[in-house]
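Heads up, the thing below is written out as structure tokens.
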Amino acid sequence: MHVRTRTTILAASIAVLLVSTGPASVHPHVFAEARLDVLVNPDRTVRSLRHVWRFDDLFSSTVLMEFDKNGDLKLDDAELKDVSDTVYESLAEFGYFQIVMVDGKDAAMNPPPKLMANFEQDQLLILFESEPREPLKLSGKVSFGVYDPTFYTAIDFIEDDNMAVDGMPADCSRTVIRPDPEEALAQNQGTLTDAFFNDPTGTDMSKIFATRLELTCPAQG
Amino acid sequence: MNRTTGRLVFAALVAGCALTQFSSMAHAQSSLGIGTSEATIPSTGLFGGLMMWINIQQQAFYRALTGALKAMRQDGGQMWLLVGLSFAYGIFHAAGPGHGKAVISSYMLANEVALRRGIMLSFVSAFLQAATAIAMMTLLFLVLRGTSITMTNATWFLEVISYLLVMLFGAYLLWQKATPRIRGMIGANPAYSLSAAHAHDHHDHACVHHSHEPAGEDSHAGHDHSDHAHDHHHHHHHGPGTVCSTCGHSHAPDPAMISGDHFNWKTAWSAVAAVGLRPCSGALIVLTFAFLNGLWVGGVLSVLAMAVGTAITVSALAIMAVTAKNWAVSFAGDGRAGNRIHAAIEIGGAGLVFLLGLLLLTASLSA
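Taken in order, these protein sequences are the chains called A and B. The opening residue of the first sequence carries number 33 in our numbering; numbering runs sequentially from there. The opening residue of the second sequence carries number 183 in our numbering; numbering runs sequentially from there.
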């Protein structure tokens, strides 16, 4: 009995020690100031989402060092093409960070035909345009969020005006929702734990944390 | 019961480490395809909330660091803000994906190393890491720019070498720790009890270079002296000129041996090299920005500050590891259980280093 207790305490303490000396957690290295334009057709359907991301100076300088093949400390067109191809390929897996929801249900977006990369004032710019897969009518509550589910990139919409609607019907109203991460965590703790047990590898927290533009329009038949 | 004790502890060691390693190795490539996300978190899960909280804090911290770098570009007087933040970064971030702290802690678990040496090892390896980052960036920026060697290539190359060294180092430790015991267990020497093996093990470490029998002392006097001169770096528990009185004719555990230094510079240096060869990505990012903007002094100082911070954290963890080990051994008593636990911790620590190297190497070769 005596030995058993000691052993248990010992094994537990060693296990705790080892877990605590394990690898450090995630590091979001990258920030991007973003702008989103939602383009709406006259028939109240969404034509496309236009994204502009301006990356922070630190990340931009590593991109410059990495892709500057000819060593002139500038990114020319061919080098920028490499940058955009690389990002384009990687983002496919993450739906280009777009989360579009209609009345709480996901609406699929088509991948953008291409990505544009540019370098302005020491900062990397990424631009692209993505269309809804199915016609997406502004009816009820439609929300548009941009978020990196891996937390590697923090997409920031500094001002509410950086999420804009072009051609918004007069009877719709728009709000920008910025969830407070800590509050969102507290509110969703139960859901998150359930989600883990139901689907350990699956869903992400993007929907909870993403800054999103919410359009509320009268329901249409 | 006692026989299972060691196995239980060992299983706990391996399982704990394997779990933490595998869970973080899931996504090495970042979502943007540029740069590596050092580790990723479970987006949902029992610890999702805590991890998310840590994530938010780190995000805020990166923002501050980015801000400080930009401020320094505008005004050189802002350099100290950057240096301070880098120091804090080192403390919290502690050697990238954590192989540094894991290797040093495991090394200290596997060896009888005095705490102050553990602290010194942490500092030396952190500064080597900083030096690697500075040397690599200088080379890339001034010499290799425009060649096909990019930062990603170079980092990857150093990383693979570093992990390979970690693995080899672990294999060596494991071999050194496990063979005497296995030999004793399979009955090569029936009188070779575990406690004697324990003492003998350390005896081999400490005195291998001058294990002279008293009878042979006269005929080998010259040899002894040169040997000793060569040797007293290792042996701080007896002063220069004295002869190790217990060497060669005592198998009883000498208290000085157990509590003191059995410090082997060769193995220690290989631990330091294995850790220090892989530059920390935070340091590389700061240096890239600093060099591109001509902020040479600020960049280098900030990386050195990071190294100090990292060394402090790694030291603290190493101290925790050794304290826990000592506590566990004394808790289990002096008898056979104590020896077994001691053995299990040592072999477990060595196995851990090996496993860590293997996992990291596979992950970075397959990336």
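We put the beta carbon where it would ideally sit given N, CA and C, even for glycine. On a predicted model such as this, the values are computed, not experimentally measured, just so you know.
Under 8 Å, do residue i and residue j count as touching if we go by C-beta distance?
i, j, result
"B:Val485", "B:Ile316", "yes"
"A:Phe63", "A:Asp88", "yes"
"A:His83", "A:Phe151", "no"
"B:Ala526", "B:Met290", "no"
"B:Gly249", "A:Thr94", "no"
"B:Gly266", "B:Thr492", "no"
"A:Arg244", "A:Ser175", "yes"
"A:Thr182", "B:Ser213", "yes"
"A:Arg255", "A:Leu157", "What the structure shows of chain A is the stretch from 33 to 253, and residue 255 of chain A is not part of that stretch, so it cannot be assessed."
"B:Leu303", "B:Ile331", "no"
"B:Leu542", "B:Tyr345", "yes"
"B:Ala308", "B:Val496", "yes"
"B:Ala487", "B:Ser268", "yes"
"A:Val208", "A:Met200", "no"
"A:Ala178", "A:Ala66", "Per the sequence presented here, residue 178 of chain A reads as Val, with Ala not at that position. In this structure, A:Ala66 lies closer than 8 Å to A:Val178 by Cβ."
"B:Ile501", "B:Leu297", "yes"
"A:Leu168", "A:Arg206", "no"
"B:Leu264", "B:Gly464", "no"
"A:Ser80", "A:Asp154", "no"
"A:Gly172", "A:Ala251", "yes"
"A:Phe27", "A:Pro213", "As shown, chain A starts at 33 and ends at 253. That puts residue 27 of chain A outside it, with no answer to give."
"B:Ala292", "B:Gly531", "yes"
"A:Met141", "A:Pro164", "yes"
"B:Gly539", "B:Phe351", "yes"
"A:Phe126", "A:Val115", "no"
"B:Arg518", "B:Glu341", "no"
"B:Leu477", "B:Arg255", "yes"
"B:Leu347", "B:Ser452", "yes"
"B:Met319", "B:Phe473", "yes"
Strictly by DSSP, which residues pair up with residue i?
i, result
"A:Ser80", "A:Leu71"
"A:Leu247", "A:Val174, A:Arg206"
"A:Met133", "A:Asp138, A:Ser175"
"B:Ala245", "Correcting the residue identity first, residue 245 of chain B is Arg in this sequence and not Ala. Answer is none; B:Arg245 lacks a bridge partner."
"A:Trp85", "A:Ala66, A:Ile158"
Using the Cβ count rule (16 or more neighbours within 10 Å means buried), how would you classify residue i?
i, result
"A:Ala110", "exposed"
"B:Val325", "exposed"
"A:Asp180", "buried"
"B:Ile529", "buried"
"B:Val535", "buried"
"B:Pro437", "For B:Pro437, the pLDDT reaches just 37, beneath the cut-off of 50, and the residue's location in the model is therefore unreliable, although a value from the coordinates is still provided. Exposed: under 16 other Cβ atoms inside 10 Å."
"B:Ile467", "buried"
"B:Gln239", "exposed"
"B:Gln311", "buried"
"A:Gly103", "exposed"
"B:Ala242", "exposed"
"B:Ile364", "exposed"
"B:Thr314", "buried"
"A:Asn230", "The predicted position of A:Asn230 is uncertain, since its pLDDT is 49 and thus under 50; a value taken from the coordinates is nonetheless stated next. By the 10 Å Cβ count, A:Asn230 comes out exposed."
"B:Gly300", "buried"
"B:Thr544", "exposed"
"B:Lys283", "buried"
"B:Thr505", "exposed"
"B:Leu356", "buried"
"A:Ser57", "Residue confidence is low: A:Ser57 scores 36 on pLDDT, short of 50, so the model does not pin down where it sits. No coordinate-derived value is stated."
"A:Pro144", "buried"
Can residue i be considered in contact with the ligand HEM, in the sense that its beta carbon sits closer than 7 Å to one or more heavy atoms?
i, result
"B:Ala242", "In the structure on display, the ligand HEM does not appear, and there are no ligands present to speak of."
Inside the stretch 136-220 of chain A only - beta strand (DSSP E) runs reaching at least 3 residues | 147-152, 155-162, 172-178, 185-188, 195-198, 205-209
The stretch 168-192 of chain A: positions lying closer than 7 Å to chain B by Cβ | Asp180, Pro181, Thr182, Phe183, Tyr184, Thr185, Ala186
For the stretch 247-332 of chain B, which segments carrying the alpha helix (DSSP H) assignment without a break, of at least 4 residues, lie completely within its bounds, in sequence order?
-> 261-275, 281-292, 297-320
Positions along the stretch 321-334 of chain B whose CB lies within less than 7 Å of some CB in chain A = Arg327, Gly328, Thr332, Met333, Thr334
Scan the stretch 465-486 of chain B for residues whose Cβ lies nearer than 7 Å to a Cβ of chain A and list them as they occur along the chain.
-> Ile467, Thr470, Phe471, Leu474
Using a Cβ-Cβ cut-off of less than 9 Å, give me the residues of the stretch 90-110 of chain A that come near chain B, in sequence order.
-> Leu90, Phe91, Ser92, Ser93, Thr94, Val95, Leu96, Met97, Glu98, Phe99, Asp100, Lys101, Asn102, Gly103, Asp104, Leu105
Mind listing which residues of the stretch 336-360 of chain B have their C-beta closer than 7 Å to chain A's C-betas, in chain order?
-> none
Quick one: which residues of the stretch 240-268 of chain B get their C-beta closer than 7 Å to a C-beta of chain A? List them in chain order.
-> Gln240, Gln241, Tyr244, Arg245, Thr248, Leu251, Lys252
When you check each C-beta in the stretch 120-136 of chain A against every C-beta of chain B, which residues fall closer than 9 Å?
-> Tyr120, Glu121, Ser122, Leu123, Glu125, Phe126, Phe129
Using a Cβ cut-off of 9 Å, which residues of the stretch 529-541 of chain B contact any Cβ in chain A, in chain order?
-> Gly530, Leu534
Residues within the stretch 502-521 of chain B neighbouring chain A, beta-carbon criterion of under 9 Å | Met502, Ala503, Ala506, Lys507, Trp509, Ala510, Phe513, Ala514, Gly515, Ala519
Taking a cut of 7 Å between CB atoms, which residues from the stretch 282-308 of chain B lie near chain A?
-> Lys283, Ala284, Ser287
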